[in-house]
Structures are given as C-alpha cells and as structure tokens.
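Contents: one structure, followed by commentary.
2 protein chains.
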Amino acid sequence: MNIEMIDAAKARIGRFVRRTPLLSSPFLDEVAGRRVFVKAECLQHTGSFKYRGAKSAITALGAKELKSGVIAFSSGNHAQGVALAAREAGARAVIIMPGDAPAVKIDNTRRLGAEVVLYDRETEDRDEIGGKLADQEGLTLIKPYDNAEVIAGQGTTGLEIAQQAEEAGISGADVLVCCGGGGLTSGIALALQARAAGLRARTVEPVDFDDVARSLATGCVQTNKRKSGTLCDAIVTPQPGALTFPIMSALCGPGLAVTDDACLRAMALAFERLRIVLEPGGAAALAAALFQGDEIQGDAVIVVATGGNVDRAVFETALAGMPAGQ
Amino acid sequence: MNIEMIDAAKARIGRFVRRTPLLSSPFLDEVAGRRVFVKAECLQHTGSFKYRGAKSAITALGAKELKSGVIAFSSGNHAQGVALAAREAGARAVIIMPGDAPAVKIDNTRRLGAEVVLYDRETEDRDEIGGKLADQEGLTLIKPYDNAEVIAGQGTTGLEIAQQAEEAGISGADVLVCCGGGGLTSGIALALQARAAGLRARTVEPVDFDDVARSLATGCVQTNKRKSGTLCDAIVTPQPGALTFPIMSALCGPGLAVTDDACLRAMALAFERLRIVLEPGGAAALAAALFQGDEIQGDAVIVVATGGNVDRAVFETALAGMPAGQ
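Quick note, the sequences are listed as chains V and S, same order.
So the first sequence is numbered by my numbering: it starts at 11 and just counts up by one.
So the second sequence is numbered by my numbering: it starts at 11 and just counts up by one.
Here's what the structure looks like:
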C-alpha cells in the first residue's frame, strides 16, 4: 500500500464519488473547547464512505470478473456501497448480511439490486459462508477492509481532508476516524502522511469493542470478547485487518473508545448544529471530539462522520436525550 | 439588480460562505419519477441560505454604519444569518423576532451574540417596531429580502447551481425554490438567466400562503389573508417584495403550493435518503418535486433545500409519519 495506489483510485473514482463538505459550527466548538471540523461522509452516495472503497475495488476488476459478479459480507454500509458500485458496472452482486443489521440497511441493499443472504452473527461465520458462495458461483469477494483497492478508495477521503484542512488553515490536528477493521483509517493515514504531515489519524471505537486501540497500544493484534451488543453495529469487527493493522501501527496515534450514550448525544448535536443525520457508529469520532477532549491535542480537531444509515427508532432515541425545548 | 451585483457579492463573501453540495439519491428519483438534485443550503453556516444575504449586506456597509450596528426582523433564519455576519464584523446586532418562532431559532440568535426583541405576529407590526428602533439607535436596517445587497448575496446560490448543474450534465430543468418574500428566488433567477439559460426558477410556498404564486399568475401583487398557521414559518410573508416581485415576474415560471403534510413527508425522505435535516419551510421545494411531479417539466429537477433549523418535536412528527420498520 502506498500513496500512488490512492492517487490511482482517485483517478478511477474521482468523478463518481461526492466530495463531501467539511462542516463546522461555533456551538460545537464551544462544547469541545477547540475548533471542530466534521468531514460529512454521511452525505456520500449510499450514506457512507463505503461507496469509495467499493467503487475503487470494482473499477479495478477485469472484464471476466465483472461478468461473473461480486460478493461481499457486511453489516450494511459496505453492502450498499458494493451494491451501487456493482449496479453501476452492470455486475451481479451477492451480499452476506447479519440478520440483526438495521432493517433500513438490508432493505436498501436489496433495492439497489443486490441479492441479500442473511446469517446469524452469534453462531455463524460470515467468512466461511462468503468464501463458499464465492467458490461455487465464481464471484469475486470484495472484502470490506482487507483489500488493497478498498483501502486505496477509502484513502481518497484523506486526500480531500488534506486539501480541505489547508483551505481552512489547519496545519496540525488529530483526525479522528470511526474505526471497524481499519480500511478507512489506514487509507486516510497513508494519504495524510503524504499530503498533510501535520495531521495525524486516530481511531475511535465503541467501549468493549476497541480491538484496534488495544492492538495499537500493545503492538500486536488483539480481539474483542463480544461480537455484538452495541448500537455502533457499523464499526464492530473481531480484530484489526491483516493489511490495515501494520499501516495503522506505523502511522496512527493512540486509539480512543466511546460509549453508546456519547454517540447518541453526538448524533443529537449533529442534528441540531450541523443538520446532518448520523448513525451511532458514524458519530463515534464526533463523540470523542466533543466529550473526550482531554485525550486530544491541539486547538483544532478533524472528525470523520462516517455514515448516516440509521433506523428511525434509534434516531428518535438520540433526539429524546436532547434538553427539553430544543 | 443585475448579474454584476451578484458577482460582486460573490467576490466579497465567497471565501466565507460554504459551497453547499448538490445531493441526490436513486430512491428519491424513484419517488419523483425523474432525477432529483437537492442543493443543501441547510448545510450553510447558521443552517440556512440567509447567511449569504446577511454577509453580503454587512460586508457592503461603511465603517460608520458598522460602528453603530445593524437591526433585522426575522422569524429566525435571517436573524441567525445577520447575527453571525455582524459578529464576524465586530458589529452590534439587534433582532426583532416573532414570539412564536421556534425556540431553537430564538436561542441560537441570542447565542450568536445578538440582542433579541420579541413581538406578537398577530397584533404587532414588525416593520414599525424595527423602524422605530433603527431611528432611535442609529442602527442600519438589514431587510430580509427587499435589499439589493441581500438579493445579490442569495444570488450566489444561483451561481453555484449553474456550475453544479453543468457538472452533473443538466442543461434544462426547473429549479424549485422555497419562497417567502422572494429574495432567494429572485437572486437565483438573475444568476440562472446569466449563467444557465436552460434552468428556470420557480417558487414553492405553503398552501394558503401562496401570495407569490398568485401574484405571478395575476401579474400584480397579491397578499395572504392569514399571517400564521403553517409549520412552514420560515417562508411566510404578507406579500412579495417590492424589489423581488418585478424580477420574479420577469424571470420565473408558475409558482407551486404544497401542504404542511407534504413538507413533513419530504423531511422524512430527506432524513432517510439524503441524511440531511430540513425544517418544514426548507422542505417545501423538495415536497413539490416529489409529490407534485405533474406540475414540473423535464427529466430532471433541481430543488433548493433552504433551511434546517427545526425544533425536535416537529422533526419527530415528520419521522412518526414514516412507514413502520424504517
């Protein structure tokens, strides 16, 4: 993995992906005690950054692979990204999804033309199911993070952050990234290393699912004891990726962990102050910026708001926590 | 008013205003039966396009006027725009607001450093109150739409739409604009006339408050019988502006009118499919695009989503109308 691969991905996908805005609000700056800049990837096509990586991987395939089709496993956002990118390429897409994924994500994936196969997150192994189907039907597996072209595609987010930070006059800051397997974080870290040396990528995960933070702290891969049980379903993974961990280990600052409650409060503030919709996992980095400021350095912080595919009930829970009269 | 004034406004305010994205979703295209592009001005500073006009007017003031300060009357969005632009200029701002404006707008205006004076929308005349205060304290009145520099500032939205439509390959389309006094609509209409001749501005207002549509249809200024009683408080005005009506009359297509219920449904779809937060008045144009397609021409439509400053209770009402399981 290197910056040339990210530049190449940008050349392939640049005219399809949305250059998402870097938002801010004086009210959020007040809460955080420093300037807060939010890269709103919830406004990306399909509602999350995952479209970048999927588009990068699928535009890198040959004609024969496209003709057979692709397969992916995902709690929802990668699924939608792959489904749309495959449809745009005229390719078949089969998506393996956990049965407890938000209904809206399963429904959207189907409506984007993909075939959805559900599995049980507690008792079944998605890798095994996906691998078997790929073999049987000649499908190319698009892994959600342990795929170099996916990482390169996510890295285009980092190219934009480098440029937008310069436009905003930010030369040094932590860049907090909601982190599952590390595809987005490692892509951004590589892009920042090459294009914005004063910016440092850092992971944000749910408490009890902070495998990446613990892996970074100890220097070797750590796993999570639990497989489910957080509202941040989008960023729950068993352990850091084989491709992503060495990159994060070399380039990232210490990882952070946030509670579900902090994510819900961040969602409410994003609703009120930025007028964007975030899902809990997509609000984790903002939650860290707003409520765990003592773990961050500098007078500015950049946050990647990674996704906005949230069930109405969960969003209402976030709004219900707002002060009365708001 | 002419395009040179809009270009001049852009030169003054271009580096301060946010170039808001033009969003889209295949799911919205499906509902509308044509491609729908949403100019998301809810993502503008202070949560609405009003910051553009306020910034334009205040950056056009002389040193003496800035030293005395400015005054504005507004149901909320113009108030916040003026408050922020005044604070950025180090100028005093007094804002006359209706007592029934959403609590969040009154609170935000105060927190942006302005002095807020409340009045009763049914029994008092805001123009009289504002005029008296302006005289007594030497404040410069920044009218919400009948001010050439305000119209020029709002017109910068039209410059961006012309450019973004070209990037998206749209050469001919209706551009639907949520309309109160017509400042934004007339600014956009002037910009499109000069820079995107195939795009035509059209107003969207609440049913029973469609003074502009009726004025356009009859060729002379019509008023509304009611002063309040719609969720779309942001776009309720007694009649079209003296400066704005001649421009709209010369350049705009027929006006449209939408129900509060249609605006709530549009808010829910914007939440689900675009991950943006809209207030009812800011969703009126989207409502027309989605649910009144037989009144629109062409295979694409552009919508200006003008604002996102909404009380939590109203937003929850919009979400409650969504189909179950979403």
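Just so you know, even glycine gets a beta-carbon here, dropped at the ideal spot from N, CA and C.
Next on the checklist: Nearest by alpha-carbon distance to S:T339: which of S:P256, S:V246, S:K74 is it?
Outcome noted: For residue 339 of chain S there is no data in the structure shown, the boundaries of chain S being 11 and 336.
Item to check | Residues that V:E4 bridges to, as DSSP identifies them | outcome: Absent from the structure is residue 4 of chain V, since the part of chain V shown begins at 11 and ends at 336.
Checklist entry - Thinking just about the alpha-carbon of each residue, which of S:L266, S:E75, S:G63, S:T254 is nearest to the one in S:T167? => result S:G63
Checklist entry - Buried or exposed: where does S:T233 fall if 16 or more other Cβ atoms within 10 Å of its Cβ makes it buried? => result Exposed is the call here.
Checklist entry - When burial is assigned at 16 or more other CB atoms within 10 Å of the CB, is S:D270 buried or exposed? => result buried
Checklist entry - By the 10 Å Cβ neighbour count, where 16 or more other Cβ atoms means buried, how is S:P112 classified, buried or exposed? => result buried
Next on the checklist: Give me the chain V residues within the contact set of S:M332, using Cβ-Cβ distance strictly less than 7 Å, ordered along the chain.
Outcome noted: R322
Item to check | Partner residues on chain S for V:G57, Cβ-Cβ distance less than 7 Å | outcome: R285
Item to check | Per-residue DSSP class, three states only, for S:A201 | outcome: DSSP places S:A201 in helix when its eight states are reduced to three.
Item to check | V:G344 vs V:D156 beta-carbon contact at 9 Å | outcome: For residue 344 of chain V there is no data in the structure shown, the boundaries of chain V being 11 and 336.
Checklist entry - Looking at C-alpha atoms only, which residue of V:S238, V:I245, V:Y129 is the closest neighbour of V:G193? => result The shortest Cα separation from V:G193 among V:S238, V:I245, V:Y129 belongs to V:I245.
Checklist entry - Could you give the C-beta distance for S:V287 and V:I286, rounded to a whole number, given that I count them as a contact under 8 Å? => result 7 Å
Item to check | Cutoff 9 Å: V:R62 Cβ touching any chain S Cβ | outcome: no
Item to check | S:P36 - containing alpha helix (DSSP H), residue span | outcome: 36-42
Checklist entry - Grouping DSSP H, G and I as helix and E and B as strand, with all else coil, what is V:F255? => result DSSP places V:F255 in helix when its eight states are reduced to three.
Checklist entry - Cα separation between S:A328 and S:F281? => result 9 Å
Checklist entry - Mind pulling the chain V residues with CB within less than 9 Å of S:L53? => result P31, L33, A50, L53, L284, R285, I286
Checklist entry - Under a three-way DSSP split, which group does V:C262 fall into? => result coil
Next on the checklist: So, for S:S259: in the same chain, excluding its five sequence neighbours on each side, which residues have a beta-carbon less than 8 Å away from its beta-carbon?
Outcome noted: S225, L226, G229
Item to check | Whole-angstrom distance between V:F325 and V:M332, CA atom to CA atom | outcome: 11 Å
Checklist entry - Of the residues V:A223, V:E159, V:F219, which one's Cα is nearest the Cα of V:A19? => result V:E159
Checklist entry - If you draw a straight line from the C-alpha of S:C188 to the C-alpha of V:L71, how long is it? => result 44 Å
Next on the checklist: Excluding the 5 residues flanking V:L94 on each side, which residues of the same chain have their C-beta closer than 7 Å to its C-beta?
Outcome noted: The answer, listed in chain order, is H55, T56, Y61, L122.
Checklist entry - If we call anything under 9 Å between Cβ atoms a contact, is S:L296 one with S:A315? => result yes
Checklist entry - Which residues bound the beta strand (DSSP E) around S:A172? => result Taken as a continuous stretch (DSSP letters only), S:A172 belongs to no beta strand (DSSP E), being part of the alpha helix (DSSP H) at 158-177.
Checklist entry - DSSP on V:P154, reduced to helix/strand/coil? => result coil
Next on the checklist: If you measure between the beta carbons of S:M15 and S:L253, is that distance less than 9 Å?
Outcome noted: Contact: no.
Checklist entry - Buried or exposed: where does V:D117 fall if 16 or more other Cβ atoms within 10 Å of its Cβ makes it buried? => result Exposed.
Next on the checklist: Just to confirm the assignment, what range does the alpha helix (DSSP H) spanning V:M107 have?
Outcome noted: It is not in any alpha helix (DSSP H) - V:M107 instead sits in the beta strand (DSSP E) that spans 103-108.
Next on the checklist: Residues in the same chain with beta-carbon distance under 6 Å from S:S238, minus the five sequence neighbours each way, listed in chain order, please.
Outcome noted: R131
Checklist entry - Of all the alpha helix (DSSP H) runs that stay within the bounds of the stretch 71-152 of chain V, which reach a length of 4 or more residues? => result Qualifying alpha helix (DSSP H) stretches, in chain order: 73-78, 87-99, 113-121, 136-147.
Checklist entry - Within the 9 Å Cβ cut-off, does V:L329 reach chain S? => result yes
Checklist entry - Would a check of beta-carbon distances place S:F37 closer than 9 Å to chain V? => result yes
Checklist entry - Residue range of the alpha helix (DSSP H) that V:A21 falls in? => result 13-23
Checklist entry - So V:A223 packs on V:L274, CB below 8 Å; how close in whole Å? => result Going by Cβ atoms, the distance from V:A223 to V:L274 rounds to 21 Å, so no, they are not a contact pair.
Next on the checklist: I need the boundaries of the alpha helix (DSSP H) containing S:V320, first residue and last residue.
Outcome noted: It is not in any alpha helix (DSSP H) - S:V320 carries neither H nor E in the DSSP assignment.
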